[in-house]
Amino acid sequence: GAVVSQHPSRVICKSGTSVKIECRSLDFQATTMFWYRQFPKQSLMLMATSNEGSKATYEQGVEKDKFLINHASLTLSTLTVTSAHPEDSSFYICSAPSDPRGDEQFFGPGTRLTVL
Amino acid sequence: DAKTTQPTSMDCAEGRAANLPCNHSTISGNEYVYWYRQIHSQGPQYIIHGLKNNETNEMASLIITEDRKSSTLILPHATLRDTAVYYCIVRVALRNTDKLIFGTGTRLQVFP
């Protein structure tokens, strides 16, 4: 099946710094990608929909100025957590549909962010 | 998209069939039932989906009731590697750019 990668897999940063997470579709193009956040023992929560060449669509309650999303190419979307704080520590996961009429979405392996 | 209800957790002996139920009583006629699973600290993995007919692939079988208000995911011979959280999601297919909304899922523990 199609492969989605994320980088880095794990990051530790100090409070107040910004962290960029990359999501890449390795063997297919994705005009749309999705970003999720998952806290321990909880389900995935959709944060935003990343659209190639246009602005991301954020879910209610997600601060667009804090979680910057850039979908600059058909194979890369980035999520930047700006001025990170300990409460932003979480597991961040991206996904991409294999094609607009595909039956499944492919998920990245996730990025674990720890803010000290 | 319709809401789903799943048991919080289930146990299954290795080698036995694992039957995971899902209720989706408000499902619409054009909504499909999807199943994903998430092994600890990994991204979710697609398992199977269906509309109204039963479906089978190399991973699992999906049984959908005639009224489509509930379904069951069957892992015919569970292994320890099937220990994961299983999510049942209903959504309109053929619009795969639509978002997936995850519920709480069922935590399946396969024991030796």
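Chains as they are written, first to last, in this note's numbering: chain B, 1 to 116; chain L, 1001 to 1112. Using N, Cα and C, we set each Cβ at its ideal position, and we do this for glycine too. None of these values were measured; they are calculated from a predicted model.
{"Asked": "Taking 7 Å as the threshold (beta carbon to beta carbon), is PHE107(B) in contact with chain L?", "Found": "yes"}
{"Asked": "Tell me the residue span of the beta strand (DSSP E) that contains ARG37(B).", "Found": "32-38"}
{"Asked": "Closer than 7 Å by beta-carbon distance: list the chain L residues that pair up with GLU104(B), in chain order.", "Found": "TYR1046"}
{"Asked": "Going by Cα to Cα distance, which pick from ASP1098(L), GLY1103(L), PHE1111(L), GLN1042(L) is closest to ALA48(B)?", "Found": "ASP1098(L)"}
{"Asked": "Assign ILE1039(L) to buried or exposed, taking buried as 16 or more other Cβ atoms, counted over all protein chains shown, within 10 Å of its Cβ.", "Found": "exposed"}
{"Asked": "Counting only runs of 3+ residues fully inside the region 1006-1092 of chain L, write out the beta strand (DSSP E) ranges in chain order.", "Found": "1009-1013, 1018-1023, 1031-1038, 1045-1050, 1061-1064, 1070-1075, 1084-1092"}
{"Asked": "How would you list, in chain order, the residues of chain L whose beta-carbon sits under 9 Å from the beta-carbon of GLY110(B)?", "Found": "SER1041, GLN1042, GLY1043"}
{"Asked": "Any beta carbon of chain L sitting closer than 7 Å to that of ILE21(B)?", "Found": "no"}
{"Asked": "Which residues in chain L sit within 9 Å of THR78(B), going by Cβ to Cβ distance?", "Found": "Near THR78(B) there are no residues of chain L at all, since even the closest Cβ is about 17 Å away, more than 9 Å."}
{"Asked": "Mind checking if PHE1111(L) is an interface residue toward chain B, Cβ cutoff 7 Å exclusive?", "Found": "no"}
{"Asked": "Could you compute how far the alpha carbon of MET45(B) sits from the alpha carbon of PHE67(B)?", "Found": "14 Å"}
{"Asked": "Determine the chain B residues that contact ILE1101(L) at a beta-carbon separation under 8 Å, and present them in chain order.", "Found": "LEU46"}
{"Asked": "Would ILE1027(L) pass as a contact of GLY1050(L) if the rule is Cβ separation under 7 Å?", "Found": "no"}
{"Asked": "Starting from ILE12(B), follow the beta strand (DSSP E) in both directions and report where the run begins and ends.", "Found": "10-13"}
{"Asked": "Roughly how many whole angstroms lie between the Cα atoms of SER25(B) and VAL3(B)?", "Found": "6 Å"}
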